[in-house]
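Heads up: the structure comes next, in structure tokens.
There are 2 protein chains.
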Amino acid sequence: MSKKDPQALVKQAALQLFSEQGYFNTSVPDLVKASGVSTGSIYHHFGDKEGVARALFDSVVERMQVAIEEIQQKHLSVPEQCKAIIELLFVITENEPDLMRYMLHAKHAEFLSDVAPICSSSPFKKMRSIVSMGMKTKEVHEMDETVAAAAVFGGAIRLVQMRLDGVIEKNLLSYVDEVWFCAWRSVAI
Amino acid sequence: MSKKDPQALVKQAALQLFSEQGYFNTSVPDLVKASGVSTGSIYHHFGDKEGVARALFDSVVERMQVAIEEIQQKHLSVPEQCKAIIELLFVITENEPDLMRYMLHAKHAEFLSDVAPICSSSPFKKMRSIVSMGMKTKEVHEMDETVAAAAVFGGAIRLVQMRLDGVIEKNLLSYVDEVWFCAWRSVAI
DNA sequence: GTCTATAATGAGATAGAC
DNA sequence: GTCTATCTCATTATAGAC
Chain Y
175 MSKKDPQALV KQAALQLFSE QGYFNTSVPD LVKASGVSTG SIYHHFGDKE
225 GVARALFDSV VERMQVAIEE IQQKHLSVPE QCKAIIELLF VITENEPDLM
275 RYMLHAKHAE FLSDVAPICS SSPFKKMRSI VSMGMKTKEV HEMDETVAAA
325 AVFGGAIRLV QMRLDGVIEK NLLSYVDEVW FCAWRSVAI
Chain E
175 MSKKDPQALV KQAALQLFSE QGYFNTSVPD LVKASGVSTG SIYHHFGDKE
225 GVARALFDSV VERMQVAIEE IQQKHLSVPE QCKAIIELLF VITENEPDLM
275 RYMLHAKHAE FLSDVAPICS SSPFKKMRSI VSMGMKTKEV HEMDETVAAA
325 AVFGGAIRLV QMRLDGVIEK NLLSYVDEVW FCAWRSVAI
């Protein structure tokens with residue numbers, strides 16, 4: 175039944191096309207062909223092409239946020255939460271590269287004019303707040319919160335970007351332990 | 175006289191327009207207005223619009239590569255070289271944000287079809303090779319070269335991206351010491 | 001709500017004088 | 001090498017039947 179909801183069909187097609195060929199290289203007729211939904215219906219539901227990108231972005235961020243919240247509930251210690259997030263980033267990159275690509279590039283892809291940059295969207299805020307918690311519990315060196323979050327997750331995000339760009343051939347999950355080792359050492363007391 | 179070279183004028187205008195509004199939101203007539211060079215002349219020199227982006231990208235990477243080579247010659251120790259590169263990234267971000275933005279986003283901006291991803295271009299290769307040298311001199315933990323490079327520079331690059339996105343308000347140079355502290359601890363023996 | 005057919009715009013690219 | 005004027009065409013978006 176989710177297969178018959180035109181909004182879902184369009185977003186699904188858009189995720190693939192936008193992330194593989196880019197937003198500007200994807201025309202509305204392309205979306206029509208890939209989704210099986212008509213031009214009129216797309217405009218009726220999303221207003222314009224940017225509306226599709228916007229709705230898709232909201233879905234993607236929402237999805238990511240839920241995954242991070244699950245981690246925050248399961249894992250108690252700060253380092254465990256951080257490691258779980260790195261693993262999550264890697265798993266999503268491997269299993270749903272289009273989703274990860276869209277989330278990371280959407281802001282820089284020159285559309286979605288007035289959406290806040292991804293780094294200030296809620297999943298990334300959560301990452302910062304976890305690291306910040308680590309400072310309160312004296313597990314993480316006292317320092318600027320943003321710098322600490324960048325230190326912990328920057329390496330992993332960099333690897334994700336390289337993997338999505340095809341620079342890294344191997345499955346990212348094989349690097350989890352090494353990456354985590356570096357990430358935690360960079361800020362741990 | 176550099177002000178009269180049409181190629182330089184076009185690239186200069188393109189750097190600003192592409193990085194501020196994006197490649198696809200910049201038309202050739204926009205380039206004509208901003209550069210003062212005519213349509214015919216632009217097509218004569220660059221072939222097509224993508225040719226402008228390509229030539230600009232080459233200039234930017236070349237420029238970055240020269241800066242990193244200078245560092246490799248001046249600073250002898252591996253950690254000093256790494257720190258100098260982080261400082262370089264921050265200085266360029268502060269002084270020439272358009273240049274840094276273009277270098278980081280060009281590949282993901284959905285054009286420049288067959289250019290290698292930025293992470294495999296020569297400045298980034300040089301970063302990896304410096305870290306790799308650190309392993310030989312036993313200053314850096316033995317581990318995957320790519321992971322180590324991501325650990326050392328990932329945090330800094332993340333901060334650069336956030337600064338360019340307007341998420342960070344303060345001058346990045348004020349973070350150099352903290353960033354360097356984290357970066358080096360993450361891989362140092 | 002969904003569809004087909006169509007309009008209107010503005011883009012990339014070219015022609016050809018100078 | 002540089003310029004102006006122009007062509008061609010794909011794109012976004014709308015109209016209006018069902």
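Chains as they are written, first to last, in our numbering: chain Y, 175 to 363; chain E, 175 to 363.
Ideal Cβ placement from N, Cα and C applies to all residues, glycine included.
- In the three-state reduction of the DSSP assignment, E:A283 falls in the helix class, which pools H, G and I.
- Y:S209 counts as buried, since no fewer than 16 other beta carbons sit within 10 angstroms of its beta carbon.
- For E:Y217, the enclosing alpha helix (DSSP H) begins and ends at 213 to 220.
- Contact check for Y:S296 and Y:Q239: beta-carbon distance about 5 Å, within the 8 Å limit, so the pair qualifies.
- Put simply, the CB of Y:G196 is near chain E, with a gap under 8 Å to one of its CB atoms.
- The residue from E:T320, E:R332, E:A227 with its alpha-carbon nearest to that of Y:A325 is E:R332.
- Among the bridge pairs identified by DSSP, Y:V202 is matched with none.
- In this model, E:Q255 and E:I304 are separated by some 8 Å (Cα to Cα).
- Y:S212 counts as exposed, since fewer than 16 other beta carbons sit within 10 angstroms of its beta carbon.
- Among the residues of chain Y, those whose CB is under 7 Å from the CB of E:N199 are E284, following chain order.
- Ranked by Cα distance from Y:R228, the first of Y:K281, Y:A258, Y:K178, Y:Q195 is Y:K281.
- For Y:K344, there is no enclosing alpha helix (DSSP H), as DSSP marks it with neither H nor E.
- According to DSSP, residue pairing for Y:A362 in a beta bridge involves Y:V314.
- The beta-carbon distance between E:R337 and E:E319, rounded to whole angstroms, is 27 Å. This is too long to meet the 8 Å contact definition.
- Taken atom to atom, the span from the alpha-carbon of E:K178 to that of E:Q186 is near 12 Å.
- Only P291, C293, S294 from the stretch 285 to 302 of chain Y bring a Cβ to less than 7 Å from some Cβ of chain E.
- With respect to the C-alpha of Y:Y197, the residue from Y:K312, Y:A258, Y:E284 having the closest C-alpha is Y:E284.
- In the three-state reduction of the DSSP assignment, E:Y276 falls in the helix class.
- In this structure, the beta-carbon distance from E:A182 to E:V226 does not fall below 8 Å.
- Taking a C-beta distance under 8 Å as the contact criterion, Y:T267 and Y:V334 qualify as a contact pair.
- Per DSSP, the unbroken alpha helix (DSSP H) holding E:A227 starts and ends at 223 to 248.
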